[in-house]
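Each remark here refers to the structure printed beneath this line.
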Amino acid sequence: MTVITVNAPKGRLSREQRARLAESLTDAVLVPEVGQFIPAARVGFQVHFAEREADMIAIGGTLLADAAEPVDAMVIDVAVMNADWDDEVRGEVIHRILAAMTEACGLAEPSPTWWVNFRVIDERSWGSRGGVLSILDLLDSGVFTPDRAAAIRAALA
Numbered sequence: 052m053t054v055i056t057v058n059a060p061k062g063r064l065s066r067e068q069r070a071r072l073a074e075s076l077t078d079a080v081l082v083p084e085v086g087q088f089i090p091a092a093r094v095g096f097q098v099h100f101a102e103r104e105a106d107m108i109a110i111g112g113t114l115l116a117d118a119a120e121p122v123d124a125m126v127i128d129v130a131v132m133n134a135d136w137d138d139e140v141r142g143e144v145i146h147r148i149l150a151a152m153t154e155a156c157g158l159a160e161p162s163p164t165w166w167v168n169f170r171v172i173d174e175r176s177w178g179s180r181g182g183v184l185s186i187l188d189l190l191d192s193g194v195f196t197p198d199r200a201a202a203i204r205a206a207l208a
């Protein structure tokens, strides 16, 4: 289970951009998490878009609504199940998310006021289907590569 929340000023992202991001942000985390691109794994991912009025976001102590120049501020929060998320894998996810955001927004490079938070939820701290979930329960689902499944088992041992 992975939840990606994009917090943006109201109207910043069009419906078309959100539709593109729903897929590209999912894949930005899916591939590093399971070790391969496999569409069947997408069901375990949710992307939420939260919009806020310009007077509900501030940069540098100034509301966006009061900024002298437009500011492209967004926060992308990624919450993942505990697994093998070493610094290299986390970095890959963050780079992939920023690349997906940049492409969807039609920019040459990510805005310096876009922030990505990567959060690992402790083992057995997810709930769904009326119970508590563990990533270990998912490793034999066929979506994880053998190497990725072994790395996750070792990390949680």
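By the count of our numbering, the sequence shown reaches residue 208 at its end, each step adding exactly one. Ideal Cβ placement from N, Cα and C applies to all residues, glycine included. Please read all numbers here as calculations on a predicted model, not as lab measurements.
A Cβ-Cβ distance of about 6 Å is found for the pair residue 57 and residue 125, placing them in contact under the 8 Å criterion. If you look at residue 125, you'll find it in the beta strand (DSSP E) that goes 125-132.
For the pair of segments examined, the region 157-169 was found not to touch the region 191-203: the number of CB pairs separated by less than 8 Å stays below three. Looking at the backbone, the Cα of residue 134 and that of residue 101 are separated by about 27 Å. Runs of the alpha helix (DSSP H) lying entirely within the region 90-164, each at least 4 residues long, are 138-155 in chain order. For residue 73, no beta strand (DSSP E) segment is defined; the enclosing uninterrupted segment is the alpha helix (DSSP H) at 66-85. Taking the C-beta atoms as reference points, residue 148 is found nearer than 8 Å to residue 127.
The alpha-carbon separation between residue 143 and residue 87 amounts to approximately 13 Å. Residue 190 carries a coil assignment under DSSP once its states are collapsed to helix, strand and coil. Within the same chain, and ignoring the five residues on either side of residue 73 in sequence, the residues whose Cβ sits closer than 7 Å to its Cβ are 98. The criterion of a C-beta distance shorter than 8 Å is not satisfied by residue 130 and residue 82. The Cβ atoms of residue 151 and residue 79 lie closer than 8 Å to each other. As DSSP reads the structure, residue 170 sits in a beta bridge with 130.
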